[in-house]
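Undergrad:
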Amino acid sequence: MKVKLNRGFYQDPDVVSCAKALVGKVLCTNVGGQYTSGIITETEAYSGSNDKASHANNGKRTKRNESMYLAGGHAYVYLCYGIHHLFNVVTAPKDQADAVLIRAIEPLEGLEIMLNRRNQKELKKDLFKGPGKVSQALGISLKEDRKDLQGESIWIEDRNINVTDDALKVSARIGIGYAGEDALLPWRFEL
DNA sequence: AAACCGATTAACT
DNA sequence: GTTAATCGGTTTC
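According to this note's numbering, the first sequence holds residues 29 to 219 in order.
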């Protein structure tokens, strides 16, 4: 059974619980006429308010992070280190600026296409583990920024994959050492 | 107008 | 374990 997540799912005011809930869901893209999908296996929560690691910390609002202020259920894509596109799911009601970073997937459909995009010939370990790799595999670029996840080019489905709390590994977020105490928050979730 | 830098990755030693 | 690659956005002058 495939069910596209509806607007209500993304309106959860608690970005941490939403990040948890997204693990085990299926991220699908239809970019350049090519359909690909994968099971989300790792996420991180970023809270718009009171989280030094977030681009929207302390109500910061710039051209880059503008899409974080959209209603939950939109995409926030930005360029990191001048090289990698990082894909986030905006959550919570409009203007709360919460977002969940998708850090890893397990390929499901369109494996050949995803391997091609990654310049790989065969499936190897860790090929789709890492936020930059996820975006590359699924064809996500800055063009997908601000996109509505209810649309036809990028969306998330519930396929009844059961993820128990026990199966989830919880840890501190990656690459945000500059965030002081907030770098220690256990807001990273992986299978 | 120029400097500074990052929610990373791949290719090294 | 270390480090180069690379560039739009943000900050600073």
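Glycine residues also receive a C-beta, built at the ideal position from the N, C-alpha and C atoms.
Could you compute how far the alpha carbon of LYS175 sits from the alpha carbon of VAL118?
TA: For the purposes of this step, residue 175 is taken as residue 147 along the first sequence, with counting starting at 1. For the purposes of this step, residue 118 is taken as residue 90 along the first sequence, with counting starting at 1. Straight-line Cα distance between these residues: approximately 10 Å.
Undergrad: Rounded to the nearest angstrom, what separates GLY76 and LEU129 at their Cα positions?
TA: Here residue 76 refers to the residue found at position 48 when the first sequence is read from its first residue. Here residue 129 refers to the residue found at position 101 when the first sequence is read from its first residue. So the alpha carbons of these two residues sit roughly 13 Å apart.
Undergrad: Please say whether ILE204 and ARG216 have beta carbons closer to each other than 8 Å?
TA: Counting from 1 along the first sequence, the entry for residue 216 is found at position 188. Counting from 1 along the first sequence, the entry for residue 204 is found at position 176. No.
Undergrad: Rounded to the nearest angstrom, what separates ILE68 and GLU134 at their Cα positions?
TA: For the purposes of this step, residue 68 is taken as the residue at position 40 of the first sequence. For the purposes of this step, residue 134 is taken as the residue at position 106 of the first sequence. So the alpha carbons of these two residues sit roughly 7 Å apart.
Undergrad: If I measure Cβ to Cβ from ALA195 and keep anything under 7 Å in the same chain, skipping five residues before and after, which residues do I get?
TA: To locate residue 195, count along the first sequence from 1; it is residue 167. Hits under 7 Å: LEU219.
Undergrad: Taking its Cβ as the centre, do 16 or more other Cβ atoms sit within 10 Å of GLU70, making it buried, or is it exposed?
TA: In the first sequence, counting from the first residue as 1, residue 70 sits at position 42. The residue in question, GLU70, is buried, as its Cβ has 16 or more Cβ neighbours within 10 Å.
Undergrad: What number of angstroms, rounded off, separates the C-alpha of GLY100 from the C-alpha of LYS32?
TA: For the purposes of this step, residue 100 is taken as the residue at position 72 of the first sequence. For the purposes of this step, residue 32 is taken as the residue at position 4 of the first sequence. About 14 Å.
Undergrad: Pick helix, strand or coil for GLN178, following the three-state DSSP scheme.
TA: Within the first sequence, numbered from 1, the residue matching residue 178 stands at position 150. GLN178: coil per DSSP, three-state reduction.
Undergrad: Could you check whether ILE184 and GLY52 sit closer than 8 Å to each other, using their CB atoms as the reference points?
TA: Locating residue 52 in the first sequence gives position 24, where the first residue counts as 1. Locating residue 184 in the first sequence gives position 156, where the first residue counts as 1. Cβ distance not < 8 Å, so GLY52 and ILE184 don't count as in contact.
Undergrad: Considering only the beta carbon of each residue, do LEU107 and LEU170 sit closer than 8 Å?
TA: As a position in the first sequence, residue 107 is number 79, starting the count at 1. As a position in the first sequence, residue 170 is number 142, starting the count at 1. Yes, they are a contact pair.
Undergrad: Which residue wins for smallest C-alpha separation from SER199, given the options THR57, ALA73 and LYS122?
TA: Indexing the first sequence from 1 puts residue 199 at position 171. Checked all of THR57, ALA73 and LYS122; the closest Cα to SER199 is ALA73.
Undergrad: By how many angstroms is the C-alpha of ASP173 removed from the C-alpha of LEU166?
TA: The residue you call residue 166 lines up with position 138 of the first sequence. The residue you call residue 173 lines up with position 145 of the first sequence. Computed Cα separation, rounded: 14 Å.
Undergrad: Beta-carbon separation of PHE115 and SER163 under 8 Å?
TA: The residue you call residue 115 lines up with position 87 of the first sequence. The residue you call residue 163 lines up with position 135 of the first sequence. For PHE115 and SER163, yes; Cβs fall inside 8 Å.
Undergrad: Just mark LYS48 as buried or exposed, buried being the case when its beta carbon has 16 or more other beta carbons within 10 Å.
TA: Walking along the first sequence from the start, residue 48 turns up at place 20. LYS48 should be labelled buried.
Undergrad: Is it the case that the Cβ atoms of ALA120 and ALA84 are separated by a distance below 8 Å?
TA: Translated into the one-based positions of the first sequence, residue 120 becomes position 92. Translated into the one-based positions of the first sequence, residue 84 becomes position 56. Not in contact: ALA120 and ALA84 (Cβ atoms no closer than 8 Å).
Undergrad: Taking one C-beta from the region 56 to 66 and one from the region 138 to 155 each time, how about it: are there three or more such pairs within less than 8 Å?
TA: With a cut-off of 8 Å, the region 138 to 155 and the region 56 to 66 count as touching, because enough Cβ pairs lie within range.
Undergrad: How would you label LEU66, buried or exposed, when you count the other beta carbons within 10 angstroms and need 16 or more for buried?
TA: Counting from 1 along the first sequence, the entry for residue 66 is found at position 38. At residue 66 the sequence reads Gly, which differs from the Leu that was named. So GLY66 counts as buried.
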